[in-house]
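Asker:
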Amino acid sequence: MMIKVLVLVHRRPGLTHEEFARGYRDEVGPAVAQNVPGIIRYTQNHHPKQRDGSDSPWDGVGELWLEDHAAWQRVMEFAASPAGRAVVEIEAKYIDRSRMTILVCEELVLKDGGPTSPQSGHPPFADSGGVAGTAAGA
Numbered sequence: 309m310m311i312k313v314l315v316l317v318h319r320r321p322g323l324t325h326e327e328f329a330r331g332y333r334d335e336v337g338p339a340v341a342q343n344v345p346g347i348i349r350y351t352q353n354h355h356p357k358q359r360d361g362s363d364s365p366w367d368g369v370g371e372l373w374l375e376d377h378a379a380w381q382r383v384m385e386f387a388a389s390p391a392g393r394a395v396v397e398i399e400a401k402y403i404d405r406s407r408m409t410i411l412v413c414e415e416l417v418l419k420d421g422g423p424t425s426p427q428s429g430h431p432p433f434a435d436s437g438g439v440a441g442t443a444a445g446a
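When we follow my numbering, the leftmost residue of the sequence shown carries the number 309, and every step to the right adds one.
(1) Provide the residue span of the alpha helix (DSSP H) that contains Gly337, from first to last.
(2) Identify every run of the alpha helix (DSSP H) within the region 348 to 388, keeping only runs that are complete inside it and at least 4 residues long; order them along the chain.
(3) When you compare the region 384 to 398 with the region 343 to 356, are there three or more beta-carbon pairs, one atom per stretch, that lie closer than 8 Å?
(4) Is there contact between the region 317 to 334 and the region 363 to 382, where contact requires at least three CB pairs shorter than 8 Å?
(5) Could you pull the DSSP bridge partners for Val313 from this structure?
(6) Using beta-carbon positions only, say whether Val336 and Ile410 come within less than 8 Å of one another.
(7) As a quick exercise: from Pro390, Arg382, Ala339, Gln352, pick the residue whose alpha carbon is nearest that of Glu399.
(8) Quick check on the DSSP output: the alpha helix (DSSP H) that includes Ile398 runs from which residue to which?
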């Protein structure tokens, strides 16, 4: 079964959000994408702190899709190798690894594309009294 690994990261102390975002995107991203074995898909999610003023508990979230749990084990073995340590050193320039959270998940896709509003005859969430798919007032 395909798995997704979520890596929730905080910027290294002393870095501005902009310095972190640039390094995470321009250095960490390519280092992970080009060197870590077995990755099917890799994305980064950057929190736009400078735009909305909110204070998210994380500065970014990396997502890695892998074939199965054995592939994740190979990633962990790679991280302990000399080549893997080189990637970790790049990460450590921007990421506070002591605060990093890693979640290994089996992704359940509930919707993939299609219209953005319900077409099933059920009322939209906002009109359903807070429970999707139930009749208003039920």
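Quick reminder that beta carbons are idealized off the backbone N, C-alpha and C, glycines included.
Answerer: By the coordinates alone:
(1) 337 to 343
(2) 357 to 360, 377 to 388
(3) yes
(4) yes
(5) Leu372, Val412
(6) In this structure, the beta-carbon distance from Val336 to Ile410 does not fall below 8 Å.
(7) Ala339
(8) 390 to 400
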